[in-house]
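Colleague:
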Amino acid sequence: MKVLLFGTCLVDTFFPEAGEATVRLLRRFGAEPVFPKGQTCCGQPAFNAGFEAQARAAAKHFLWEFDGDDPIVTPSGSCAAMVKHHYPRLFRDDPSLLAKAVRAGERIYELTQFLVHVAKAHEAGLRGKGTITYHASCHLTRSLGVREEPLTLLSSLKGAIFLPMPDAARCCGFGGTFMAKLPEISCALADEKAASIEATGADTVTGCDSGCLMNITDAMRRRGTRIRVAHIAQLLAEGL
Amino acid sequence: MSHEQTSLAFRENTVRALKDSPLRAAMRHATDTFGTKRADAFAPLADLEALRDRASAIRDDVLANLPMYVDRFVASATRAGATVHRAKDASEAREIVARVLSERGARLVVKGKSMVSEEVDLNSHLEAAGMEVVETDLGEYIIQMEGESPSHIIVPAIHKNRRQVGRLFADRLGVPYTDDPQALTKIARKALREKFLSADAGVSGANFAVADTGSLVLVTNEGNGRMVTTVPKLHVAILSVEKMLPSLADLPAFLRLLPRSATGQTMTSYVSVITGPRKAGDATGAKELHIVLLDNGRTEILSGESRDILKCIRCGACMNVCPVYRAVGGHPYGWTYPGPMGIVLTTLLTGMRKSHPLVDASTLCGACVEVCPVRVPLADLILGLRRRKVREGFSDPRERRGMEAFGKAAAKPALFSLGQRLAGAFWPLVRALGGKDVAGRMPVPAKTPLRRRLP
Amino acid sequence: MSEAERERLFLENAATTSAGTRSVSGTEALLSALGEIVAMDSPVYCPGVTELEKAAAPLFPVRVDDYAAAAVTVEEVFGGIAETGTLVCSSEGGRAVQAGLLPAHHVAIVRRGRIFDTLDDFFAALSGAPPTNLTLVTGPSRTADIELTLAIGVHGPERLDIILF
Ligand code: SF4
Numbered sequence: 085m086k087v088l089l090f091g092t093c094l095v096d097t098f099f100p101e102a103g104e105a106t107v108r109l110l111r112r113f114g115a116e117p118v119f120p121k122g123q124t125c126c127g128q129p130a131f132n133a134g135f136e137a138q139a140r141a142a143a144k145h146f147l148w149e150f151d152g153d154d155p156i157v158t159p160s161g162s163c164a165a166m167v168k169h170h171y172p173r174l175f176r177d178d179p180s181l182l183a184k185a186v187r188a189g190e191r192i193y194e195l196t197q198f199l200v201h202v203a204k205a206h207e208a209g210l211r212g213k214g215t216i217t218y219h220a221s222c223h224l225t226r227s228l229g230v231r232e233e234p235l236t237l238l239s240s241l242k243g244a245i246f247l248p249m250p251d252a253a254r255c256c257g258f259g260g261t262f263m264a265k266l267p268e269i270s271c272a273l274a275d276e277k278a279a280s281i282e283a284t285g286a287d288t289v290t291g292c293d294s295g296c297l298m299n300i301t302d303a304m305r306r307r308g309t310r311i312r313v314a315h316i317a318q319l320l321a322e323g324l
Numbered sequence: 004m005s006h007e008q009t010s011l012a013f014r015e016n017t018v019r020a021l022k023d024s025p026l027r028a029a030m031r032h033a034t035d036t037f038g039t040k041r042a043d044a045f046a047p048l049a050d051l052e053a054l055r056d057r058a059s060a061i062r063d064d065v066l067a068n069l070p071m072y073v074d075r076f077v078a079s080a081t082r083a084g085a086t087v088h089r090a091k092d093a094s095e096a097r098e099i100v101a102r103v104l105s106e107r108g109a110r111l112v113v114k115g116k117s118m119v120s121e122e123v124d125l126n127s128h129l130e131a132a133g134m135e136v137v138e139t140d141l142g143e144y145i146i147q148m149e150g151e152s153p154s155h156i157i158v159p160a161i162h163k164n165r166r167q168v169g170r171l172f173a174d175r176l177g178v179p180y181t182d183d184p185q186a187l188t189k190i191a192r193k194a195l196r197e198k199f200l201s202a203d204a205g206v207s208g209a210n211f212a213v214a215d216t217g218s219l220v221l222v223t224n225e226g227n228g229r230m231v232t233t234v235p236k237l238h239v240a241i242l243s244v245e246k247m248l249p250s251l252a253d254l255p256a257f258l259r260l261l262p263r264s265a266t267g268q269t270m271t272s273y274v275s276v277i278t279g280p281r282k283a284g285d286a287t288g289a290k291e292l293h294i295v296l297l298d299n300g301r302t303e304i305l306s307g308e309s310r311d312i313l314k315c316i317r318c319g320a321c322m323n324v325c326p327v328y329r330a331v332g333g334h335p336y337g338w339t340y341p342g343p344m345g346i347v348l349t350t351l352l353t354g355m356r357k358s359h360p361l362v363d364a365s366t367l368c369g370a371c372v373e374v375c376p377v378r379v380p381l382a383d384l385i386l387g388l389r390r391r392k393v394r395e396g397f398s399d400p401r402e403r404r405g406m407e408a409f410g411k412a413a414a415k416p417a418l419f420s421l422g423q424r425l426a427g428a429f430w431p432l433v434r435a436l437g438g439k440d441v442a443g444r445m446p447v448p449a450k451t452p453l454r455r456r457l458p
Numbered sequence: 039m040s041e042a043e044r045e046r047l048f049l050e051n052a053a054t055t056s057a058g059t060r061s062v063s064g065t066e067a068l069l070s071a072l073g074e075i076v077a078m079d080s081p082v083y084c085p086g087v088t089e090l091e092k093a094a095a096p097l098f099p100v101r102v103d104d105y106a107a108a109a110v111t112v113e114e115v116f117g118g119i120a121e122t123g124t125l126v127c128s129s130e131g132g133r134a135v136q137a138g139l140l141p142a143h144h145v146a147i148v149r150r151g152r153i154f155d156t157l158d159d160f161f162a163a164l165s166g167a168p169p170t171n172l173t174l175v176t177g178p179s180r181t182a183d184i185e186l187t188l189a190i191g192v193h194g195p196e197r198l199d200i201i202l203f
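Here it is as structure tokens:
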């Protein structure tokens, strides 16, 4: 099955390893990922900051790059939620783009959704190691409604122990441009998240959104905590 | 005491709050407790989602027909013997209340908790007119004594710990120091009982106004709301126009949702349904009841894209789950209403010019949307206000230039790639040039981005 | 809901709000329950208007006409709501609803036939103009304004006793 891979601007620019891991996972489960070369960003930074025209420009480009009927897979809950829930608003006055936007929303999968519901990766006996805890990112959980899939995958890892995190779905303080506009609160929230992670005693923390993981990594660095932060794609791909 | 709006200094306010460790401990404790209590209270309730839908639909209907419901309320309340006043803004509301009270020679006024009275800054106005105004809700009593404003719409002194309250009471009331909440409560009971019995008038808010019957509904726990509305001979209620419910039959849905959302109770101790003043043959009720219906910009909100905020029933659940509110408390928001609903209301009621930093005071994490009992789409409303902020030119010029560049690059892959490479090359420089708040917290861009690693 | 079920639910829910609850049958049992509950609380305000109040009043040697000066109010109330263990107090018939508010102890007698299943049933049964004051009472007066720690008896009663008759 051909799937279009949306890497997301953050993974593309800062965390290409998570993108490569996504490709390995998709291939292992029989999908043929294609990376549309012209892809850029879903437009969320502009959309969330209130710059609708710029968000629309990005979204329009996305719809053009990802046109067609193939499923779209992305290693980000936040970007998937942007396409699914906010694109229709951006094109509410443009019937042809609106139809495309709605269709894209139906075609897009956050990675763990695809791995569980389409690829059944949790039944493949992937290996893991050490102790793992999981941060449930905001848009993944509350906007996309993806709560169980990452847990299903992580608890299926043979040889790894999953340790639940208290208040796993509380915001880490990233919030896109929020981290730049109100850095003090952003750091305070990331600190609290880091403390919850430390309290689990896990040696690795994972999640489905690299923005959050980046913010958490920074808090870990400030606190001098030596807990590994890895995107869920990387953890899963290591067990192939 | 009068409080200047400080929303423009939101960031500075939060920096101060973040350094206040008793405040942060109090906020963590309070929001954690609220979270558990709320979850426990809703757990046994079958079909919560259907109940939320029903309450939301009732509020939608009220907003869709607000002028009709307000007229109906005015007619029924008048028929029941109340005098209804319409106030178009804060100053009119203050004038009306002050006039009603002073014409009847009121000197001592006991007050129940009312966020609308905070919104119009009623107390300072009445005090300036020579009246003694005593807040009687325990939390309001504490902050009035301290000269503060509420930091939460349900629990106004949520930012204070028991030791701070103990010291305050010892200092101001001359009682021996104690930090036992039960003992502190007793002290307040005694001090306030005298005030209730000698007050010339009671001023209250209302949670709901019932259009069909002209009734005011007060949902309370302490009993001060009952005192204020039944003990003095004059009762003045001040509430905003959107508090309407069509009929008493609509009330149960809200009585099931409001206490559970607000304090995690199945039911509050008291729900008072007050219909007009004391009538012939009655032994309960104020002899005279005046109802002040405040508009203060709500009619305008009603016709705009943020109208759903008027569905709000002031339960406070959205602030209890808000990570930003949890970290800094209510005071940094700088006006009457804090938290997610406060961001929206403050911006709409006081204007973008006085409050625009607030619209950025959200990570858009959606926790508020998940708990709001009447489905106010808070995240969407905040997004709408951010668009308005941009439209009205209140955004930072650097952000604007950055976003304009982003918009161009996002639509042109070559430009986007170039930007990526430039960012990689200049990252150390950006960090060095004081970009530590942002660039310093992000990793250095990868040497080879994903797009150049894949076939 | 059967009558027995309704009564059980009413008492059970009332008990979770820290109200004292009893269920008695017959005037004698009522009077002896009142005697135990009121015990040393004095003076007593008892309106002596309903039949039950008339029967109860002689039980209390020190009575006052001013509820603000009473230590306890003993009265029959309008009804109850099973869903929440709530008492309904009404100003109908010239009753002083605040008599159940000012004294530190409130003893409310509710007749079995006056219990409604749910809040909806109660409000649906209200026809015409409501009385000047309708107060739903669920447990004693309380606050959590200091550190969200529950404290009982702020401005209203710190003790609420319900007798189902
Ligand atoms: S917006 Fe919703 S959650 Fe927030 S106070 Fe209003 S009703 Fe409660």
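Residue numbers (this note's numbering), protein chains in the order written: chain A, 85 to 324; chain B, 4 to 458; chain C, 39 to 203. For each residue, glycine too, the CB sits at the ideal point set by N, CA and C.
Please name the residue, chosen from B/A320, B/T271, B/A212, that lies closest to B/A85 on a Cα-to-Cα basis.
Modeller: Locating residue 85 of chain B in the second sequence gives position 82, where the first residue counts as 1. Answer by Cα proximity: B/A212.
Colleague: Where does the unbroken beta strand (DSSP E) through A/F246 begin, and where does it stop?
Modeller: Looking up residue 246 of chain A in the first sequence gives position 162. Its beta strand (DSSP E) spans residues 242 to 246.
Colleague: Give the single residue among A/R231, A/L266, A/L247 whose Cα lies nearest to the Cα of B/D440.
Modeller: Position 437 of the second sequence holds residue 440 of chain B. Answer by Cα proximity: A/L266.
Colleague: Quickly, what does DSSP pair C/C127 with across the bridge? List them, please.
Modeller: Counting from 1 along the third sequence, the entry for residue 127 of chain C is found at position 89. In DSSP, C/C127 forms a bridge with C/T173.
Colleague: Secondary structure at B/M247, three-state DSSP: helix, strand or coil?
Modeller: In the second sequence, residue 247 of chain B corresponds to position 244, counting from 1. Of the three classes helix, strand and coil, the one that applies to B/M247 here is strand, per DSSP.
Colleague: From what residue to what residue does the alpha helix (DSSP H) around B/L351 run?
Modeller: By one-based count along the second sequence, residue 351 of chain B stands at place 348. Start and end: 342 to 353.
Colleague: Give the list of continuous alpha helix (DSSP H) stretches no shorter than 4 residues that lie fully inside the segment 350 to 399 of chain B.
Modeller: You should have 355 to 358, 370 to 374, 381 to 394.
Colleague: Tell me which residues of the segment 167 to 191 of chain B have at least one Cβ-Cβ distance to chain C shorter than 8 Å, keeping chain order.
Modeller: V168, P184, Q185, L187, T188, K189, A191
Colleague: Does DSSP put B/Y72 in a helix, in a strand, or in coil?
Modeller: Looking up residue 72 of chain B in the second sequence gives position 69. B/Y72 falls in the helix class under three-state DSSP.
Colleague: Give me the Cα-Cα distance between B/S94 and B/V103, rounded to the nearest whole angstrom.
Modeller: Taking the first residue of the second sequence as position 1, residue 94 of chain B is located at position 91. Taking the first residue of the second sequence as position 1, residue 103 of chain B is located at position 100. Distance between the alpha carbons of B/S94 and B/V103 is about 14 Å.
Colleague: Shorter than 8 Å from the beta carbon of B/K116 to some beta carbon of chain A?
Modeller: The residue labelled residue 116 of chain B in the question sits at position 113 within the second sequence. It does not: the Cβ of B/K116 has no partner Cβ on chain A nearer than 8 Å.
Colleague: Who are the near neighbours of B/K282 in its chain, counting only those whose CB is closer than 8 Å to its CB and skipping five residues on each side?
Modeller: Locating residue 282 of chain B in the second sequence gives position 279, where the first residue counts as 1. Only G84, G288 meet the Cβ criterion.
Colleague: Hey, B/G422 and B/A412 are a contact pair by Cβ (cut 8 Å); roughly how many whole angstroms apart?
Modeller: Position 419 of the second sequence, counted from the first residue, corresponds to residue 422 of chain B. Position 409 of the second sequence, counted from the first residue, corresponds to residue 412 of chain B. Yes, B/G422 and B/A412 are in contact; Cβ-Cβ is about 5 Å, under 8 Å.
Colleague: Return the chain-ordered ranges of every alpha helix (DSSP H) run that is complete within the segment 106 to 185 of chain B and spans a minimum of 4 residues.
Modeller: Qualifying alpha helix (DSSP H) stretches, in chain order: 118 to 122, 125 to 131, 141 to 149, 165 to 176.
Colleague: Does DSSP classify C/T181 as helix, strand or coil?
Modeller: Against the third sequence, residue 181 of chain C aligns to sequence position 143. C/T181 falls in the strand class under three-state DSSP.
Colleague: So, is B/Y144 buried or exposed, given that buried needs 16 or more other C-beta atoms within 10 angstroms?
Modeller: Stepping through the second sequence from its first residue, residue 144 of chain B is reached at position 141. B/Y144 comes out buried.
Colleague: Answer yes or no: do B/R97 and B/V123 have a C-beta to C-beta separation smaller than 8 Å?
Modeller: Numbered from its first residue, the second sequence carries residue 97 of chain B at position 94. Numbered from its first residue, the second sequence carries residue 123 of chain B at position 120. Yes, Cβ-Cβ distance for B/R97 and B/V123 is below 8 Å.
Colleague: Hey, quick one: how far does the beta strand (DSSP E) through C/E118 stretch, first residue to last?
Modeller: The residue you call residue 118 of chain C lines up with position 80 of the third sequence. The sequence given here places Gly at residue 118 of chain C; Glu does not occur at that position. That run of the beta strand (DSSP E) goes 117 to 119.
Colleague: For B/L48, count neighbouring Cβ atoms within 10 angstroms of its own Cβ and tell me buried if that reaches 16, exposed if not.
Modeller: The residue labelled residue 48 of chain B in the question sits at position 45 within the second sequence. So B/L48 counts as exposed.
Colleague: So does B/V222 have its beta carbon nearer than 7 Å to some heavy atom of the ligand FMN?
Modeller: Summarising the ligand content, the structure contains the ligand SF4 and does not contain the ligand FMN.
Colleague: Grab me the residues of C/G138's own chain with a C-beta within less than 6 Å of its C-beta, minus the 5 sequence neighbours each way, in chain order.
Modeller: Walking along the third sequence from the start, residue 138 of chain C turns up at place 100. Around C/G138: T111, C127, H144.
Colleague: Could you please give the first and the last residue of the uninterrupted beta strand (DSSP E) stretch that includes B/F211?
Modeller: One-based indexing of the second sequence puts residue 211 of chain B at position 208. Where B/F211 is concerned, the enclosing beta strand (DSSP E) starts and stops at 211 to 213.
Colleague: Going by the beta-carbon positions, is the gap between C/P178 and B/S275 smaller than 8 Å?
Modeller: By one-based count along the third sequence, residue 178 of chain C stands at place 140. By one-based count along the second sequence, residue 275 of chain B stands at place 272. No.
Colleague: Please state whether DSSP places C/P62 in a helix, a strand or coil.
Modeller: Translated into the one-based positions of the third sequence, residue 62 of chain C becomes position 24. As written in the sequence, residue 62 of chain C is Val, which differs from the Pro given in the question. The answer is coil: DSSP assigns C/V62 none of H, G, I, E or B.
Colleague: What are the residues in the segment 272 to 285 of chain B lying within 9 Å of chain C by C-beta distance?
Modeller: S272, Y273, V274, S275, V276, I277, T278, G279, P280, R281, K282, G284, D285
Colleague: Which residues, in order along the segment 233 to 264 of chain B, keep a beta-carbon less than 8 Å from a beta-carbon of chain C?
Modeller: T233, V234, L251, A252, L254, P255, L258, R259
Colleague: Can you pull the chain B residues whose beta carbon is under 9 Å from the beta carbon of A/M263, in chain order?
Modeller: Here residue 263 of chain A is taken as the residue at index 179 of the first sequence, counted from 1. Correct list: T366, D440, V441, R444, M445.
Colleague: Would you say A/G161 and A/D302 are within 8 Å of each other, going by their C-beta atoms?
Modeller: Within the first sequence, residue 161 of chain A is the residue found at index 77, counting from 1. Within the first sequence, residue 302 of chain A is the residue found at index 218, counting from 1. Contact: no.
Colleague: Work out the CA separation of C/E113 and B/S127 for me, nearest whole Å.
Modeller: Mapped onto the second sequence, residue 127 of chain B falls at position 124. Mapped onto the third sequence, residue 113 of chain C falls at position 75. Between B/S127 and C/E113, the C-alpha separation is close to 41 Å.
Colleague: Among C/L202, C/F203, C/G194, C/T181, which has the Cα closest to the Cα of B/V158?
Modeller: Counting from 1 along the second sequence, the entry for residue 158 of chain B is found at position 155. Ranking the options by Cα distance to B/V158, first place goes to C/T181.
Colleague: Using the three-state DSSP reduction, which class does C/E196 fall into: helix, strand or coil?
Modeller: Indexing the third sequence from 1 puts residue 196 of chain C at position 158. In this structure, C/E196 counts as coil in the three-state DSSP scheme.
Colleague: Compute the Euclidean distance between the alpha carbons of C/F48 and C/I153, then round it to the nearest angstrom.
Modeller: In the third sequence, residue 48 of chain C corresponds to position 10, counting from 1. In the third sequence, residue 153 of chain C corresponds to position 115, counting from 1. Using only the alpha carbons, I get a separation of about 8 Å.
Colleague: Following a CB-centred definition, is B/R301 positioned closer than 7 Å to any heavy atom of the ligand SF4?
Modeller: Translated into positions along the second sequence, residue 301 of chain B becomes position 298. Flag unset: Cβ of B/R301 not near the ligand SF4.
Colleague: Just the C-alpha distance for B/E135 and B/G205, rounded to the nearest angstrom, thanks.
Modeller: Position 132 of the second sequence, counted from the start, is the residue given in the question as residue 135 of chain B. Position 202 of the second sequence, counted from the start, is the residue given in the question as residue 205 of chain B. Near 12 Å, if we compare the C-alpha coordinates of B/G205 and B/E135.
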